[in-house]
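Using the working numbering, the first residue of the sequence shown is number 1, and each one after it goes up by one.
Cβ atoms here follow ideal geometry from the backbone N, Cα and C, with glycine treated the same way.
Below is one structure; the comments refer to it alone.
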Amino acid sequence: MSEFAKIELDGKFYEFPIIEGTEGEKAIDIRTLRATTGHVTLDSGFGNTGSTFSEITFLNGETGILRYRGYPIEQLAEQSSFQEVAYLLNFGKLPSERELNSFKELINSFSTLHEGEKKIIEAFPTSAHPMGVIGSVVGSLSAYYPEYNLPMLTDEQRRKAIAQLMAQVKSIIPYFYRMTQGLEPVKSKPHMGYAADFLNMMYGSDDYEVNPEVAKALDVLLILHADHEQNCSASTVRLVGSSHANVFASISSGIYALWGQLHGGANQAVLEMLQNIHDNGGDYKKYLEKAKDKNDPFRLMGFGHRVYKNFDPRAKIIKKACDSVLESLGVSDPLLDIARGLEEEALKDPYFVERKLYPNVDFYSGIIYQALGIPTNMFTAMFVLGRLPGWLAQWKEMKEDPNARIGRPRQIYTGANERMYVPIDQR
Ligand code: CMC
Numbered sequence: 001m002s003e004f005a006k007i008e009l010d011g012k013f014y015e016f017p018i019i020e021g022t023e024g025e026k027a028i029d030i031r032t033l034r035a036t037t038g039h040v041t042l043d044s045g046f047g048n049t050g051s052t053f054s055e056i057t058f059l060n061g062e063t064g065i066l067r068y069r070g071y072p073i074e075q076l077a078e079q080s081s082f083q084e085v086a087y088l089l090n091f092g093k094l095p096s097e098r099e100l101n102s103f104k105e106l107i108n109s110f111s112t113l114h115e116g117e118k119k120i121i122e123a124f125p126t127s128a129h130p131m132g133v134i135g136s137v138v139g140s141l142s143a144y145y146p147e148y149n150l151p152m153l154t155d156e157q158r159r160k161a162i163a164q165l166m167a168q169v170k171s172i173i174p175y176f177y178r179m180t181q182g183l184e185p186v187k188s189k190p191h192m193g194y195a196a197d198f199l200n201m202m203y204g205s206d207d208y209e210v211n212p213e214v215a216k217a218l219d220v221l222l223i224l225h226a227d228h229e230q231n232c233s234a235s236t237v238r239l240v241g242s243s244h245a246n247v248f249a250s251i252s253s254g255i256y257a258l259w260g261q262l263h264g265g266a267n268q269a270v271l272e273m274l275q276n277i278h279d280n281g282g283d284y285k286k287y288l289e290k291a292k293d294k295n296d297p298f299r300l301m302g303f304g305h306r307v308y309k310n311f312d313p314r315a316k317i318i319k320k321a322c323d324s325v326l327e328s329l330g331v332s333d334p335l336l337d338i339a340r341g342l343e344e345e346a347l348k349d350p351y352f353v354e355r356k357l358y359p360n361v362d363f364y365s366g367i368i369y370q371a372l373g374i375p376t377n378m379f380t381a382m383f384v385l386g387r388l389p390g391w392l393a394q395w396k397e398m399k400e401d402p403n404a405r406i407g408r409p410r411q412i413y414t415g416a417n418e419r420m421y422v423p424i425d426q427r
């Protein structure tokens, strides 16, 4: 097999090295393409573009594989914990007990919000979308921790920034939630555990006790969302960080990228779609027809994925978790029946089969969040909480790469050629 790809342009041959990843993925290295041939590549949506080397996450969309640092997502979801996974993603190995405890202690030490942060949150109207609030507050952290504004951080500073963001976002979301409910904030009790502390800050009151099964289910959801290689938000984090903008600016940009309905915002959109179908009589087959109609902008939210063309392994685990959470809480949700019906019909419909459209991570997660009492407009904020360690790992890997360059795609200009300016009175 040739180690080079040949391109012929105007009768001249150019060779470009073939690069192979550890899982056998092959790429044509066109880094010298423009300098040698004067051409660029065109790849809208970056469906064929490898933007980086990465050792963090491997996924194979054809076979439905997802691994963090080599460990299958199924094993991590069953046996690991979210903070352990965060350590794994960021530091490349499973921690010893001592390493994990020291990482947890560092996270715990940042659990209290700065008074200024609270004021920023309180300045938002209670009707504000939580994603806008979280993105703003995370961006504002650069004002409180200016030592992280340097273009390059030491290993210790990076470690602290990771722990600090994981702690702070866990406190920011409940602080805003309670404000929208007219409730006093609940102080963080980080030794309860990451997911349990979060739930306690959301719902804590004299008669509230965190249900360990619910905390466990949330922990699993967070693990499933923790990283997904070079998706829209992770690429945004890397792109912003590549300019040497600080870590808070980079993560805040990732939060905004996640907000959109085609990305993390899909979990809110799924629940709204299911509710809408329910409120209109529950005829989900009608909605399948709408999703297939090219003249109708409606899409089946929570279905389809840029990379997964077989099944999304996260969706499989979540579907199972959904059943057990609802059972343990004694909740029966009519939206779950609609979701199951939609899935069943879609999976035998030629439109969805031919396009390899399967339920993705967002299809069933909203039903769990709803059962946990999380308001619909906060679902994407839950995705932020889960994805945070992945964004941080992507940011850290990029900052540690001695060959990293500022992200700067090219374009094919299709506008007007040079023309003369016409003064306004002569137009
Ligand atoms: N409902 C109906 N048709 C769809 C859907 C859908 N959910 N998704 C894709 N299609 C059709 C699309 O119309 C196109 O048809 P045709 O070839 O006839 O033009 C074909 O399938 C390919 O779609 P695409 O838009 O070119 O695919 P993409 O890779 O650019 O987009 C996607 C991927 C996830 C944005 C898209 O499937 C979608 O909009 N899904 C609904 C939103 C959603 O659930 N997003 C969450 C993704 S998972 C969480 C995350 O990691 O962010």
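task = Determine the DSSP secondary structure at residue 199, reduced to helix, strand or coil.
result = Residue state, collapsed to three classes: helix.
message = For residue 8, report the span of its beta strand (DSSP E) as first-last.
response = Residues 4-9.
ask   = Okay, do the stretch 401-415 and the stretch 171-185 touch, 3+ Cβ pairs below 8 Å being the bar?
value = The stretch 401-415, when compared against the stretch 171-185, does not touch it at the 8 Å Cβ threshold.
key: Limits of the unbroken alpha helix (DSSP H) element including residue 399   = For residue 399, the enclosing alpha helix (DSSP H) has its first and last residue at 379-400.
ask   = Do residue 274 and residue 335 have their C-beta atoms within less than 8 Å of each other?
value = Yes, the Cβ-Cβ distance between residue 274 and residue 335 is below 8 Å.
ask   = Given that a residue counts as buried once 16 or more other Cβ atoms are within 10 Å of its Cβ, and exposed if not, what is residue 327?
value = By the 10 Å Cβ count, residue 327 comes out exposed.
inquiry  = Report the CB separation of residue 81 from residue 171 in whole angstroms; it is logged as a contact under 8 Å.
reply    = Not a contact, Cβ separation roughly 19 Å.
message = When you measure from the CB of residue 69 to every non-hydrogen atom of the ligand CMC, does any distance come out below 7 Å?
response = Not so, every heavy atom of the ligand CMC lies at least 7 Å from the Cβ.
message = Here's the rule I'm using: 16 or more other beta-carbon atoms within 10 Å means buried, otherwise exposed. How should residue 361 be labelled?
response = So residue 361 ends up on the buried side.
query = Among 348, 297, 246 and 425, which one has its Cα closest to the Cα of residue 141?
reply = Minimum Cα distance to residue 141 is reached at 246.
inquiry  = Shorter than 7 Å, the distance from the beta carbon of residue 33 to the closest heavy atom of the ligand CMC, or not?
reply    = It does not: the Cβ of residue 33 is nowhere closer than 7 Å to a heavy atom of the ligand CMC.
query = How would you call residue 165, buried or exposed, if buried means at least 16 neighbouring beta carbons within 10 angstroms?
reply = A buried status is given to residue 165, since no fewer than 16 other beta-carbon atoms sit within 10 Å of its beta-carbon.
request  = Indicate whether the contact test is met: 3 or more Cβ pairs, each with one atom in the stretch 350-368 and one in the stretch 194-201, closer than 8 Å.
outcome  = With a cut-off of 8 Å on Cβ pairs, the stretch 350-368 is not in contact with the stretch 194-201, counting fewer than three such pairs.
Residue 349 beta carbon near the ligand CMC (any heavy atom closer than 7 Å) = No, the Cβ of residue 349 stays beyond 7 Å of every heavy atom of the ligand CMC.
key: Nearest-angstrom beta carbon gap, residue 248 and residue 116 [assumed within contact, 8 Å]   = Between residue 248 and residue 116 the Cβ distance is about 13 Å, and since that is not below 8 Å, they are no contact.
query = Would the C-beta of residue 306 count as close to the ligand CMC, meaning under 7 Å from any of its heavy atoms?
reply = For residue 306, the shortest C-beta to heavy atom distance toward the ligand CMC is below 7 Å.
query = Looking at C-alpha atoms only, which residue of 187, 425, 25 and 398 is the closest neighbour of residue 48?
reply = Ranking the options by Cα distance to residue 48, first place goes to 25.
Sequence ranges, alpha helix (DSSP H) only - wholly within the stretch 193-264, length at least 4 = 194-203, 212-225, 232-242 and 247-259, all fully within the stretch 193-264.
key: Closest residue to residue 120 among 152, 340, 136 and 109 (Cα-Cα distance)   = Nearest option by C-alpha distance: 136.
key: heavy atom of the ligand CMC below 7 Å from residue 211 C-beta   = No.
Close Cβ partners of residue 384 (< 7 Å) along its chain, the five nearest in sequence each way excluded = 134, 169, 255 and 258.
query = Should residue 206 go down as buried or exposed, given a rule of 16 or more other Cβ atoms within 10 Å for buried?
reply = That one is exposed.
request  = Return yes when at least one heavy atom of the ligand CMC lies under 7 Å from the C-beta of residue 89, else no.
outcome  = Every heavy atom of the ligand CMC is 7 Å or more from the Cβ of residue 89, so no.
Start-end ranges of the alpha helix (DSSP H) lying completely within the stretch 308-363, minimum 4 residues = As summarised for the stretch 308-363, the continuous alpha helix (DSSP H) elements at least 4 residues long and confined to that stretch are 313-329, 334-347 and 350-354, given in chain order.
task = Pick out whichever of 291, 154 and 219 has its Cα sitting closest to the Cα of residue 85.
result = When the alpha-carbon of residue 85 is set against those of 291, 154 and 219, the nearest one is in 219.
request  = Determine the contact status of residue 374 and residue 277, defining contact as a CB-CB distance below 8 Å.
outcome  = Contact: no.
request  = On the DSSP bridge assignment, give the partners of residue 20 in chain order.
outcome  = Assignment of beta-bridge partners to residue 20 by DSSP yields 26.
key: Expected contact under 8 Å - CB spacing of residue 349 and residue 300 to nearest Å   = Cβ-Cβ separation between residue 349 and residue 300: approximately 10 Å, too far for a contact (criterion under 8 Å).
query = Three-state secondary structure (DSSP) at residue 15?
reply = Residue 15 carries a strand assignment under DSSP once its states are collapsed to helix, strand and coil.
request  = Report the three-state DSSP secondary structure of residue 406 (helix, strand or coil).
outcome  = Assignment of residue 406 by DSSP, reduced to helix, strand and coil, places it in the coil class.
key: Extent of the continuous alpha helix (DSSP H) run through residue 91   = It spans 82-91 - the alpha helix (DSSP H) in which residue 91 sits, taken as one unbroken run.
ask   = By DSSP, does residue 376 sit in helix, in strand, or in coil?
value = When DSSP states are grouped into helix, strand and coil, residue 376 belongs to the helix group.
query = Hey, would you say the C-beta of residue 360 is under 7 Å away from at least one heavy atom of the ligand CMC?
reply = Checking every heavy atom of the ligand CMC against the Cβ of residue 360, one is found closer than 7 Å.
query = Count the other CB atoms within 10 Å of the CB of residue 409; is the residue buried (16 or more) or exposed (fewer)?
reply = Burial call: exposed.
message = List, from N- to C-terminal side, the alpha helix (DSSP H) runs of 4 residues or more that fit wholly inside the stretch 98-130.
response = Counting whole runs of 4 or more residues, the stretch 98-130 contains the alpha helix (DSSP H) stretches 115-123.
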